[in-house]
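A.B. asks:
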Amino acid sequence: MDITDRVALVTGGAKRVGKAIALGLANAGARVFIHYNSSVGPAEETLAEIEKVGGFGAIGSVDLGNPDAAPGLLAMAADALGDVSILVNSASGFATDTFEDLTLEGWQRSHSLTLASPVFLTQAFAGALGSEAEGAVVNITDVRTTSPYLKHFSYVIAKGGIDTFTRAAARALAPRIRVNAVALGVILPPPGEDAAYVEALAAELPLRRAGGTDPVVDAALHLIRNDFVTGEIVRVDGGGHLT
Ligand SMILES: NC(=O)c1ccc[n+]([C@@H]2O[C@H](COP(=O)([O-])OP(=O)(O)OC[C@H]3O[C@@H](n4cnc5c(N)ncnc54)[C@H](OP(=O)(O)O)[C@@H]3O)[C@@H](O)[C@H]2O)c1
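In terms of the working numbering, the sequence shown is residues 6 to 248.
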């Protein structure tokens, strides 16, 4: 797929990983709709960075804690920029809970934001894409789905659902739409943690460093561009899955 002049929607695109992917898509020539929840200032700054280098984009806020809102987000992006043919599901929660203290409410909150909203946003995306048009979806998941965190219990199970959803949707939406995922390892410190937190984790990796966002952007763009890849989950984890 040639990314030039396509419309891309990036959820959680105002900051951090989502922002890097939004900028990467804009640099590749896409018009990018930057979705945010609460980060209006960072969303405006990300859009300004795109416009400064001659790109086009728009921003819009939707609370994806409510999966019913997902189709409205797709319509908002299409109204602003035209038909969306690239969707990146990056917005996510990162709840702290364990099997022992898990509550039904916390479970449902995690699963609504991290699993159900990407599913129903993808459903809306596929429904809106013209019958002759090609589309690409990239889900952002977590390498820890195969060696699960115990302190982010509902989150890691929701991301495991994203892995299965990636494969199932790749089958359901072929050949018109390809659905792939990037599984992140140690990329950035979680909100509230500092560089030392990440350095300690990175010291355990075969490649001995945190990834930063550039390798994530590279993987996402590769999966969007490569027309013969669907249902793939690319690990960007410094070899962490090997240890
Ligand atoms: N950072 C890492 O090292 C790492 C590692 C493994 C996996 N990942 C995955 O990579 C993706 C991006 O990571 P990140 O660290 O950049 O994520 P993040 O900062 O934890 O969150 C990304 C965005 O999710 C949005 N969000 C939160 N609650 C929302 C809601 N109710 N409705 C709509 N949007 C909401 C936030 O938007 P607002 O700021 O606008 O509120 C936030 O900017 C996530 O899917 C994450 O699970 C990251």
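Note that beta-carbon positions come from the ideal geometry of N, C-alpha and C, so glycine has one too.
1. Rounded to a whole number of angstroms, what is the C-alpha to C-alpha distance between Gly245 and Glu204?
2. Rounded to whole angstroms, what is the Cα-Cα separation between Ala121 and Pro72?
3. Could you tell me the distance, in whole angstroms, from the CA atom of Asp68 to the CA atom of Asn42?
4. In chain order, what residues of the same chain have a beta carbon less than 7 Å from the beta carbon of Pro220, not counting five sequence neighbours either side?
5. From Ile167 to Glu54, what distance separates their C-alpha atoms?
6. Tell me which same chain residues have a C-beta within less than 6 Å of the C-beta of Ala63, skipping the five on either side of it?
7. Report, in whole angstroms, the separation of the C-beta atoms of Ala48 and Ala19, which I expect to be a contact under 8 Å.
8. Ala224 lies in the alpha helix (DSSP H); which residues open and close that run?
9. Let me check one thing: in DSSP terms, what residues is Leu14 bridge-paired to?
10. Would a C-beta distance cut-off of 8 Å place Thr127 and Leu78 closer than the cut-off?
11. With Leu107 and Phe158 assumed to form a contact (beta carbons below 8 Å), what rounded beta-carbon distance in angstroms separates them?
12. Where DSSP assigns a beta bridge to Ser254, which residues make up the other side?
13. Assign Asn32 to one of three DSSP states: helix, strand, or coil.
14. Using a threshold of 7 Å, is the CB atom of Arg213 nearer than that to any non-hydrogen atom of ligand 1?
15. Using C-beta distances below 6 Å, list every residue in its chain close to Gly23, excluding the 5 sequence neighbours before and after it, in chain order.
16. Output needed for Ser115: all residues of its chain with C-beta closer than 6 Å, excluding positions within five of it in sequence on either side, in chain order.
17. Can you tell me whether Val148 is buried or exposed, with buried defined as 16 or more other CB within 10 angstroms of its CB?
18. Would you grab the beta carbon distance between Thr146 and Ile238 for me? Rounded to a whole angstrom, and I think it's under 8 Å.
19. Which of the three DSSP states, helix, strand or coil, is assigned to Val189?
C.D. replies: Here's the rundown:
1. The residue you call residue 245 lines up with position 240 of the sequence shown. The residue you call residue 204 lines up with position 199 of the sequence shown. Computed Cα separation, rounded: 14 Å.
2. Counting from 1 along the sequence shown, the entry for residue 121 is found at position 116. Counting from 1 along the sequence shown, the entry for residue 72 is found at position 67. Distance between the alpha carbons of Ala121 and Pro72: 6 Å.
3. Residue numbering aside, residue 68 sits at position 63 when the sequence shown is read from its first letter. Residue numbering aside, residue 42 sits at position 37 when the sequence shown is read from its first letter. So the alpha carbons of these two residues sit roughly 5 Å apart.
4. Walking along the sequence shown from the start, residue 220 turns up at place 215. So the list reads Val241, once near-sequence residues are dropped.
5. Here residue 167 refers to the residue found at position 162 when the sequence shown is read from its first residue. Here residue 54 refers to the residue found at position 49 when the sequence shown is read from its first residue. Cα-Cα distance, rounded: 30 Å.
6. Position 58 of the sequence shown, counting from 1, holds the residue named residue 63. Answer for Ala63: Phe38, Ala85, Leu86, listed in chain order.
7. As a position in the sequence shown, residue 48 is number 43, starting the count at 1. As a position in the sequence shown, residue 19 is number 14, starting the count at 1. Yes, they are in contact, since the Cβ atoms of Ala48 and Ala19 sit about 4 Å apart, within 8 Å.
8. Residue 224 sits at position 219 when you count from the first residue of the sequence shown. Looking at the DSSP string, the run of the alpha helix (DSSP H) that includes Ala224 is 219 to 230.
9. Position 9 of the sequence shown, counted from the start, is the residue given in the question as residue 14. The partner list for Leu14 (beta bridge, DSSP) reads Phe38, Leu92.
10. On the sequence shown, position 122 is the one that residue 127 refers to. On the sequence shown, position 73 is the one that residue 78 refers to. The answer is no: Cβ separation not under 8 Å.
11. Counted from its first residue, the sequence shown places residue 107 at position 102. Counted from its first residue, the sequence shown places residue 158 at position 153. Sure, about 6 Å apart at Cβ, within 8 Å.
12. Nothing about residue 254 can be reported from this structure: the residues present for the chain run from 6 to 248 only.
13. Counted from its first residue, the sequence shown places residue 32 at position 27. Of the three classes helix, strand and coil, the one that applies to Asn32 here is helix, per DSSP.
14. As a first step, residue 213 must be located in the sequence shown, where it is residue number 208. It does not: the Cβ of Arg213 is nowhere closer than 7 Å to a heavy atom of ligand 1.
15. Start at 1 with the first residue of the sequence shown, and residue 23 comes out as number 18. So the list reads Val15, Gly17, Ser95, once near-sequence residues are dropped.
16. Counted from its first residue, the sequence shown places residue 115 at position 110. Only Gly98, Ala100, Ser159, Tyr160, Ala163 meet the Cβ criterion.
17. To locate residue 148, count along the sequence shown from 1; it is residue 143. It counts as buried.
18. Residue mapping note: residue 146 aligns to position 141 of the sequence shown, counting from 1. Residue mapping note: residue 238 aligns to position 233 of the sequence shown, counting from 1. That belief holds up - the Cβ atoms of Thr146 and Ile238 are roughly 7 Å apart, short of 8 Å.
19. If you number the sequence shown from 1, residue 189 lands on position 184. Note that residue 189 corresponds to Leu in the displayed sequence, not to Val. Leu189 falls in the strand class under three-state DSSP.
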